[in-house]
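See structure below.
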Amino acid sequence: MKKMIIYLAIILSFLQIIACEKEPENKPNPKPEKEQSAELSVIWENWIYDDSTGAFLYSPRFAGNYVAIFAHQPYTTNNGKLGMVIYDRITGEPHPAWDYEPNFSGNATSDWEIGGENKDVVVILSGRTLYAYDINTAQELWTKYSGADEVFIPQISSFDNDLFVGVKPAGIENAWGKLVKINIITGEQKDILRIDSANGYSVLLYPPSVDIMPSGDTLLIFQNRQLNFGISDGKIDIYAYNMTADSMLWVVEDLTASGNSSVKEGIITEDNKYLFQGSKSIHCINIDNGTILWEDELQNESFFQTPNLYTDGKVFMNSESGAIICYDVASGNKLWHNTNIDAHPIDSRMVYYNGKLYLTAIPTYNSNIPESHRKSFKCISGNTGEVLWSSQKINGMLLLDPDLGHIFIGNSFKLICVDLNKSPVYE
2 MKKMIIYLAI ILSFLQIIAC EKEPENKPNP KPEKEQSAEL SVIWENWIYD DSTGAFLYSP
62 RFAGNYVAIF AHQPYTTNNG KLGMVIYDRI TGEPHPAWDY EPNFSGNATS DWEIGGENKD
122 VVVILSGRTL YAYDINTAQE LWTKYSGADE VFIPQISSFD NDLFVGVKPA GIENAWGKLV
182 KINIITGEQK DILRIDSANG YSVLLYPPSV DIMPSGDTLL IFQNRQLNFG ISDGKIDIYA
242 YNMTADSMLW VVEDLTASGN SSVKEGIITE DNKYLFQGSK SIHCINIDNG TILWEDELQN
302 ESFFQTPNLY TDGKVFMNSE SGAIICYDVA SGNKLWHNTN IDAHPIDSRM VYYNGKLYLT
362 AIPTYNSNIP ESHRKSFKCI SGNTGEVLWS SQKINGMLLL DPDLGHIFIG NSFKLICVDL
422 NKSPVYE
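The numbering of the sequence shown is the numbering used here, which starts it at 2 and goes up by one.
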């Protein structure tokens, strides 16, 4: 009994010493997500319209030393036109040739692109017409009308001085589809290839991901999104085409189990993999021969709004269910799948900086939730999927400058530049 008393006394003394030690000073812990209260370090912010009218925006894009954002629909049609504003990415000063609020003459747009070797040409797709402007002078370079019998697929992409767009016949039944390239400086158009319909399936060719092969040839990888209304079916074929040699390298037919896709552009990695985003799946393909390296079908998820993000050997996906999923690209292993994050996408890109994933989202079930509690800008650990902090005070469409750690956020009323290195700000 005496020995037991002595042992208890020693243990109690040890615990008392620990309790009396001073805890080391640590940086403040991130605020809980439920508070949605993180303050961000704002470098500059500019109103999109002079009268503070709001607008629906595309994600920002870089144009040389500038950053641009396009308002594709004002909140109030009588107050302001759609169009582009552009600012110095460091100072926020307006571009001297674009020192006015949006002023595009079209009625509606489906996509826009900033391209050219110097990223100094903006192209706007409005209905059946493409408009190209010199960013340095704000002067129109060319316009391209699809014609009465053909229409452009409502999505464009570019690589160097080539602009890519799919073309189909006017009307519902698509007997064929073409992929064309347009010189972004001159407007000169050239057909790349044509694919005819087979077995009652329509042909919808979406703009390609582009890579330069070891031979120096230009490789295009793109999807044919096919629908057969007669039997209520769809299928997705993936094509790899050597544009320089004018030859098809490989075709992967009927890739997705759902027969559908998100129409987001695929990702070509630095180690010759192609990551494709199905409507409920992800697929990793060897670009040399079309071999499927790994794939995963997620029946409880859907991926229509946010494009996948590849970085640091990982690929991140944001589902309409509000979940975020992360895979190791080399192995195909699922690293984490956070279903509790409640991050329904807003049709904006995700960005990654210093091991952290950033995105803007709304609660998955947002009916009867006040507007002030809906949209939030989230910072998520890239390693665990844990939400580190979030903010409802600044959020919107995103673009990252990885060299400076600055993120540009279009929040319907303003374009805002935030320093991620100093965010969140703790008092």
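Each residue gets a CB set at the ideal place from its N, CA and C atoms; glycine is no exception.
Asked	Found
Beta strand (DSSP E) segment containing histidine 284, residue limits	282 to 287
Inter-residue spacing [alpha-carbon to alpha-carbon] between glycine 267 and isoleucine 154	17 angstroms
Neighbourhood of glycine 411 by C-beta distance below 6 angstroms, restricted to the same chain and skipping five residues each side	Leu58, Pro61, Ile70, Gly397 and Met398
Rounded Cβ spacing between serine 320 and glutamate 302 (contact assumed at less than 8 angstroms)	4 angstroms
Run of the beta strand (DSSP E) containing alanine 56, from where it starts to where it stops	56 to 58
C-beta atoms of phenylalanine 277 and leucine 256 nearer than 8 angstroms	yes
Distance between valine 426 and isoleucine 464 (C-alpha atoms, nearest Å)	The shown model of the chain, from 2 to 428, leaves out residue 464, and the question about it has no answer.
Leucine 421, DSSP secondary structure in three states	helix
Element boundaries [beta strand (DSSP E), containing threonine 130]	130 to 135
Where the beta strand (DSSP E) containing alanine 246 begins and where it ends	Segment: none, alanine 246 is in no beta strand (DSSP E) and carries neither H nor E.
Sub-8 angstroms separation of isoleucine 115 and leucine 220 beta-carbons	no
Selected residue, minimal CA-CA separation from alanine 171, among Ser203, Val122 and Gly188	Ser203
Three-pair Cβ contact test at 8 angstroms for the segment 114 to 134 versus the segment 143 to 150	yes
Identity of the residues DSSP links to leucine 399 by a beta bridge	Ile410
Neighbour-count burial assignment, glutamate 102, 16 or more Cβ in a 10 Å radius	buried
Limits of the unbroken beta strand (DSSP E) element including glutamate 298	293 to 298
Residue-level contact to chain D via CB, asparagine 334, 8 angstroms cutoff	No chain D is present in this structure, which holds just one protein chain.
Secondary structure of proline 444, DSSP reduced to three states	Within the shown structure, residues of the chain are numbered from 2 to 428, placing residue 444 beyond reach of any answer.
Asparagine 339 versus alanine 56: straight-line alpha-carbon distance, rounded	32 angstroms
For tyrosine 353, the nearest candidate out of Lys379, Asn334, Asp343 and Ile347 (CA to CA)	Lys379
Cutoff 7 angstroms; reference leucine 164; Cβ partners in own chain excluding five residues on either side	Glu114, Gly116, Val124, Ile157, Lys182, Ile183 and Ile185
Per DSSP, the bridge partner or partners of glycine 267	Its beta-bridge partners do not exist; DSSP assigns none.
Complete runs of the alpha helix (DSSP H) confined to the segment 117 to 194 [at least 4 residues]	none
Which residues DSSP lists as bridging proline 75, in chain order	Ala56
Local Cβ density within 10 Å of asparagine 225, reported as buried at 16 or more and exposed below that	buried
Backbone secondary structure at alanine 69 - three-state DSSP	strand
Simplified DSSP state of serine 106, which is helix, strand or coil	coil
Arginine 195 burial status per 10 Å Cβ neighbour count (16 or more: buried)	exposed
Cα-Cα separation between isoleucine 363 and aspartate 343, rounded to whole angstroms	7 angstroms
With 16 other Cβ atoms within 10 Å as the buried cut-off, status of aspartate 112	buried
Assumed close pair phenylalanine 160, valine 211 - CB separation to whole angstroms, cut-off 8 angstroms	4 angstroms
Alpha-carbon to alpha-carbon, leucine 421 and aspartate 402	10 angstroms
Extent of the continuous beta strand (DSSP E) to which serine 392 belongs	388 to 392
Isoleucine 431 versus leucine 310: straight-line alpha-carbon distance, rounded	It is not possible to answer for residue 431, since the shown part of the chain is limited to 2 through 428.
Local Cβ density within 10 Å of asparagine 175, reported as buried at 16 or more and exposed below that	buried
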